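Listed in order, the protein sequences are those of chains A and B.
Mapped onto UniProt numbering, the consecutive letters of the first sequence carry residue numbers 1 to 245.
Mapped onto UniProt numbering, the consecutive letters of the second sequence carry residue numbers 1 to 245.
Backbone N, C-alpha and C define an ideal beta-carbon position, used for all residues, glycine too.
Please read these numbers as outputs of a predicted model, since none were measured by experiment.
Protein chains: 2
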Amino acid sequence: MNSTLQALWQDTRDSDSVRQRLHEVLRQSIIRMELAPGQALSEKELAETFSVSRQPVREAFIRLSEAGLVEVRPQRGTFVVKISQQAVLEARFVREAVEVAVAREAASRGLDRPVLAELRELIERQRRCIEPADHDRFFQLDEGFHRTLSLGIGQQAAWKVTEEVKAQLDRVRYLSVPESTPIDKLVEQHAAIIDAIEWRDAEAAAEAMHIHQSEILQSLPDLVRRFPEMFQPTQTPAFAEESQA
Amino acid sequence: MNSTLQALWQDTRDSDSVRQRLHEVLRQSIIRMELAPGQALSEKELAETFSVSRQPVREAFIRLSEAGLVEVRPQRGTFVVKISQQAVLEARFVREAVEVAVAREAASRGLDRPVLAELRELIERQRRCIEPADHDRFFQLDEGFHRTLSLGIGQQAAWKVTEEVKAQLDRVRYLSVPESTPIDKLVEQHAAIIDAIEWRDAEAAAEAMHIHQSEILQSLPDLVRRFPEMFQPTQTPAFAEESQA
DNA sequence: TTCACCATACTACCATACTAGTTGTATCAG
DNA sequence: CTGATACAACTAGTATGGTAGTATGGTGAA
Numbered sequence: 001m002n003s004t005l006q007a008l009w010q011d012t013r014d015s016d017s018v019r020q021r022l023h024e025v026l027r028q029s030i031i032r033m034e035l036a037p038g039q040a041l042s043e044k045e046l047a048e049t050f051s052v053s054r055q056p057v058r059e060a061f062i063r064l065s066e067a068g069l070v071e072v073r074p075q076r077g078t079f080v081v082k083i084s085q086q087a088v089l090e091a092r093f094v095r096e097a098v099e100v101a102v103a104r105e106a107a108s109r110g111l112d113r114p115v116l117a118e119l120r121e122l123i124e125r126q127r128r129c130i131e132p133a134d135h136d137r138f139f140q141l142d143e144g145f146h147r148t149l150s151l152g153i154g155q156q157a158a159w160k161v162t163e164e165v166k167a168q169l170d171r172v173r174y175l176s177v178p179e180s181t182p183i184d185k186l187v188e189q190h191a192a193i194i195d196a197i198e199w200r201d202a203e204a205a206a207e208a209m210h211i212h213q214s215e216i217l218q219s220l221p222d223l224v225r226r227f228p229e230m231f232q233p234t235q236t237p238a239f240a241e242e243s244q245a
Numbered sequence: 001m002n003s004t005l006q007a008l009w010q011d012t013r014d015s016d017s018v019r020q021r022l023h024e025v026l027r028q029s030i031i032r033m034e035l036a037p038g039q040a041l042s043e044k045e046l047a048e049t050f051s052v053s054r055q056p057v058r059e060a061f062i063r064l065s066e067a068g069l070v071e072v073r074p075q076r077g078t079f080v081v082k083i084s085q086q087a088v089l090e091a092r093f094v095r096e097a098v099e100v101a102v103a104r105e106a107a108s109r110g111l112d113r114p115v116l117a118e119l120r121e122l123i124e125r126q127r128r129c130i131e132p133a134d135h136d137r138f139f140q141l142d143e144g145f146h147r148t149l150s151l152g153i154g155q156q157a158a159w160k161v162t163e164e165v166k167a168q169l170d171r172v173r174y175l176s177v178p179e180s181t182p183i184d185k186l187v188e189q190h191a192a193i194i195d196a197i198e199w200r201d202a203e204a205a206a207e208a209m210h211i212h213q214s215e216i217l218q219s220l221p222d223l224v225r226r227f228p229e230m231f232q233p234t235q236t237p238a239f240a241e242e243s244q245a
């Protein structure tokens, strides 16, 4: 575990603050399921691993806890939160709401030519991830696609929100890699979204994005069955604590 | 200034951590424009004001900076961010996207009877704020209305996002109180939303929420003209720093 | 008068020290 | 053998000290 973290640490920029670098390293590790749901994270141990003090580690924890990726229990410890089916469904709801609005707006106001070109280019590169299957690369390009679309209509706050809730969803994707991620289908959905935007058909764009964002609903119940230990027993996250008493 | 902060500090719960209490106090003060946009906040001074150490103050600053309410400039200071027209429009976009989805969902799946009753009750109490005009009370009830609706369909994450972006919008409301806040109009919009939900008419509910969330667009340009010193010069927030050089 | 330079007084960031609360374990009484 | 209790070994939260970088105001030279 520590070796993987160390590697990610080296990749971060020296110019950023220790807090930001730690946040990024831990966030990535949690999303990629390298830090297992339920696992305890030790402030002290991580501080020693990276040769920094506890304080910036603690501050990174605080930020991660606000994103719902870890849970800080005072005087007890900090833990990677288990995936909760409820949390995933809620994150999906928010993401669909925001991204459908983005697609609709992009179609009705139109996208600048260079942005459209970049989106087409991203789709092309995604196609090249189908055979041979390159999931890591596709995930990157997928994120780039959605980011480019949101920023393309000048909605940075929308992208920030999407990025935040996406973390919950991406953990599920990493669970299901590679078997149940139909790259080819997802790429064509991207193409359909951009087609509708280019035709300036707002309703078609919204509908295409809706379909795209509904994809995860297919695999979720199956994953809960196959990886029960990764999931919080079904209930709302807010009441998760009481249940363990 | 300090006296107002002290008063809010007394209201916070002793059981919460110092960091959370400070965050809440500062957040409220910023939203209510008691801490002026552009004003410098001193870690040390605030620590002394509340008789706590600098560390929890610093952690509260970090959280506020993630919500876009303050800007932490290393080695320089921490400042209340000026309202940016761009940031307000982006926050509005996200809020409309999420809340329209909430309204649509509430209408299509239906609300439990007690939730509907609570919403109707909130609307009634809002009506009582019209004459004599009680803006503070109305703001509270308004927030309660939107929270109850989101939580009523079990979308806590949606409410969390709304709450976050709402901070940017509420600062504008406090600017325009009391003259340009048409309480009566807003209350009737709330009623229209709930009517549509009760009729289980998803499209009507979505449309009613859309109209409601578009209200702020009426007053914004006028406010920018009347309170230019409260606003960032028009441009995207991301490039705001460079402009000051 | 104007400009370059330097001393000073800030700032945020990180490290370290201390406090207080929780948990597991070992010990001892019954 | 069982159950209660005291203690030891953790934890996060808070306090305080040190460091490096930035802004500013004054001083002296041009």
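1) Shortest alpha-carbon distance to B/T181 belongs to which of B/Q86, B/C129, B/D14 and B/V72?
2) Give me, in chain order, the residues of the same chain whose beta-carbon lies closer than 8 Å to that of B/R27; leave out the 5 immediate sequence neighbours on both sides.
3) I'd like to know whether the C-beta of A/I62 is nearer than 8 Å to at least one C-beta of chain B.
4) Quick check on the DSSP output: the alpha helix (DSSP H) that includes A/E71 runs from which residue to which?
5) Please work out which residues of its chain come closer than 7 Å, Cβ to Cβ, to B/S15, disregarding the five sequence neighbours upstream and downstream, and give them in chain order.
6) Determine the extent of the alpha helix (DSSP H) in which A/V52 is found, giving its start and end residues.
7) Please report the straight-line C-alpha distance between B/V102 and B/E121, rounded to a whole angstrom.
8) Is the Cβ-Cβ distance between A/V98 and A/V161 less than 8 Å?
9) Judging by CA-CA distance, which residue of A/E179, A/L186, A/L169 and A/A192 is the nearest neighbour of A/M33?
10) DSSP three-state label for B/V165, please.
11) Any beta-carbon of chain A closer than 8 Å to the one on B/F227?
12) To the nearest whole angstrom, what separates the beta carbons of A/A36 and A/V80, a pair I think is in contact under 8 Å?
13) So, at 6 Å on beta carbons, what are the nonlocal neighbours of A/T78 in its own chain, with the 5 sequence-adjacent residues on each side left out?
14) Verify the CB distance criterion: does A/S243 have a CB-CB separation below 8 Å to chain B?
15) Is it buried or exposed, B/D142, if we count other Cβ atoms within 10 angstroms and call 16 or more buried?
16) Under a three-way DSSP split, which group does B/Q189 fall into?
17) Applying a beta-carbon distance threshold of less than 8 Å, which residues of chain A neighbour B/F93?
18) Starting from the Cα of A/G144, find the closest Cα among A/Q6, A/E131, A/V115 and A/P56 and give me that residue.
19) Per DSSP, A/A40 forms a beta bridge with which residues?
20) Identify each residue in the UniProt domain "HTH gntR-type" (16-83) of chain B for which the Cβ-Cβ distance to at least one residue of chain A is less than 9 Å, and report them in chain order.
21) 8 Å is my cut-off, CB to CB: does A/A206 come that close to chain B?
22) How big is the Cα-Cα spacing for B/L149 and B/L119?
23) What residues from chain A crowd round B/V165, counting only those whose CB sits closer than 7 Å?
24) Using a Cβ-Cβ cut-off of 6 Å (strictly less than) and excluding sequence neighbours within five positions of B/M230, which residues of its own chain qualify?
25) Residues of chain A with a CB under 9 Å from the CB of B/V98: which are they?
26) Give the interface partners of B/E215 over in chain A, defined as CB-CB distance under 8 Å, in chain order.
27) Apart from the five residues on each side of it in sequence, which residues of its chain come closer than 6 Å, Cβ to Cβ, to B/I153?
28) Taking three-plus beta-carbon pairs below 8 Å as touching, is the segment 181-192 of chain A in contact with the segment 206-214 of chain A?
29) To the nearest angstrom, how far is it from the Cα of B/R200 to the Cα of B/L111?
30) Identify the residues that DSSP records as bridge partners of A/F231: which are they?
31) Please confirm whether A/E90 has its beta-carbon closer than 8 Å to some beta-carbon of chain B.
32) Pick out whichever of B/Q55, B/A117 and B/P228 has its Cα sitting closest to the Cα of B/I197.
33) Kindly indicate the opening and closing residues of the alpha helix (DSSP H) around A/L111.
34) Answer with buried or exposed for residue 252 of chain A, where buried requires no fewer than 16 other C-beta atoms within 10 angstroms of its C-beta.
Working from what's here:
1) Position 181 of the second sequence, counted from the start, is the residue given in the question as residue 181 of chain B. The shortest C-alpha separation from B/T181 is found at B/C129.
2) As a working mapping, residue 27 of chain B is identified with position 27 in the second sequence. Closer than 8 Å at the Cβ level, and outside the excluded window around B/R27, lie L64, A67, L69 and A167.
3) Within the first sequence, the letter at position 62 stands for residue 62 of chain A. Yes, its Cβ sits closer than 8 Å to a Cβ of chain B.
4) Counting from one through the first sequence, the residue named residue 71 of chain A turns up at place 71. That residue, A/E71, is in no alpha helix (DSSP H); its beta strand (DSSP E) goes V70 to R73.
5) If you number the second sequence from 1, residue 15 of chain B lands on position 15. Around B/S15: no qualifying Cβ.
6) As a working note, residue 52 of chain A is residue 52 in the first sequence. It is not in any alpha helix (DSSP H) - A/V52 carries neither H nor E in the DSSP assignment.
7) To locate residue 102 of chain B, count along the second sequence from 1; it is residue 102. To locate residue 121 of chain B, count along the second sequence from 1; it is residue 121. A direct Cα-Cα distance of roughly 20 Å separates B/V102 from B/E121.
8) Your numbering for residue 98 of chain A matches position 98 in the first sequence. Your numbering for residue 161 of chain A matches position 161 in the first sequence. Yes, the pair counts as a contact, with Cβ atoms nearer than the cut-off.
9) Within the first sequence, numbered from 1, the residue matching residue 33 of chain A stands at position 33. Selected option, being the one with the closest Cα: A/L169.
10) Residue mapping note: residue 165 of chain B aligns to position 165 of the second sequence, counting from 1. DSSP places B/V165 in helix when its eight states are reduced to three.
11) Stepping through the second sequence from its first residue, residue 227 of chain B is reached at position 227. It does not: the Cβ of B/F227 has no partner Cβ on chain A nearer than 8 Å.
12) Start at 1 with the first residue of the first sequence, and residue 36 of chain A comes out as number 36. Start at 1 with the first residue of the first sequence, and residue 80 of chain A comes out as number 80. Contact holds; Cβ gap of about 7 Å.
13) Walking along the first sequence from the start, residue 78 of chain A turns up at place 78. If we look at A/T78 and ignore the five residues flanking it on each side, its Cβ neighbours are L41, F61, V70 and V72.
14) As a first step, residue 243 of chain A is located in the first sequence; it is residue number 243 there, counting from the start. Low per-residue confidence applies at A/S243: pLDDT is 36, beneath 50, and the placement is therefore not dependable enough to give any value.
15) Residue mapping note: residue 142 of chain B aligns to position 142 of the second sequence, counting from 1. Burial call: buried.
16) Within the second sequence, numbered from 1, the residue matching residue 189 of chain B stands at position 189. Three-state result, B/Q189: helix.
17) Indexing the second sequence from 1 puts residue 93 of chain B at position 93. Correct list: A101, E105, Q155, A157 and A158.
18) For this step, residue 144 of chain A is matched to residue 144 along the first sequence. Checking every option, the nearest Cα to that of A/G144 belongs to A/V115.
19) Position 40 of the first sequence, counting from 1, holds the residue named residue 40 of chain A. Answer is A/F79.
20) If you check each beta-carbon in the UniProt domain "HTH gntR-type" (16-83) of chain B against every beta-carbon of chain A, the ones closer than 9 Å belong to S17, R19, Q55, R58, E59, I62, R63, E66, G68 and P74.
21) Position 206 of the first sequence, counted from the start, is the residue given in the question as residue 206 of chain A. Not closer than 8 Å to any Cβ of chain B, the Cβ of A/A206 fails to qualify, so no.
22) For the purposes of this step, residue 149 of chain B is taken as the residue at position 149 of the second sequence. For the purposes of this step, residue 119 of chain B is taken as the residue at position 119 of the second sequence. Distance between the alpha carbons of B/L149 and B/L119 is about 7 Å.
23) For the purposes of this step, residue 165 of chain B is identified with residue 165 of the second sequence, where counting begins at 1. Going along chain A in sequence order, the residues near B/V165 (Cβ under 7 Å) are A157.
24) On the second sequence, position 230 is the one that residue 230 of chain B refers to. Only P37 and I83 meet the Cβ criterion.
25) As a first step, residue 98 of chain B must be located in the second sequence, where it is residue number 98. Chain A residues near B/V98: F93, V94, A97, V98, A101 and V161.
26) Your numbering for residue 215 of chain B matches position 215 in the second sequence. What B/E215 touches in chain A: nothing, since even the nearest Cβ is about 17 Å away.
27) If you number the second sequence from 1, residue 153 of chain B lands on position 153. Sequence-distant partners of B/I153 (beyond 5 residues in either direction) whose C-beta falls short of 6 Å from its own C-beta, in its chain, are E105 and A106.
28) yes
29) To locate residue 200 of chain B, count along the second sequence from 1; it is residue 200. To locate residue 111 of chain B, count along the second sequence from 1; it is residue 111. So the alpha carbons of these two residues sit roughly 9 Å apart.
30) Working through the first sequence from its first residue, we reach residue 231 of chain A at position 231. When beta bridges are read from the DSSP output, A/F231 appears opposite A/I83.
31) On the first sequence, position 90 is the one that residue 90 of chain A refers to. Yes, its Cβ sits closer than 8 Å to a Cβ of chain B.
32) Locating residue 197 of chain B in the second sequence gives position 197, where the first residue counts as 1. Closest by alpha carbon: B/A117.
33) To locate residue 111 of chain A, count along the first sequence from 1; it is residue 111. Note, A/L111: premise wrong, no alpha helix (DSSP H); not H, not E.
34) Since the first and last residues shown for chain A are 1 and 245, residue 252 of chain A lies out of range.
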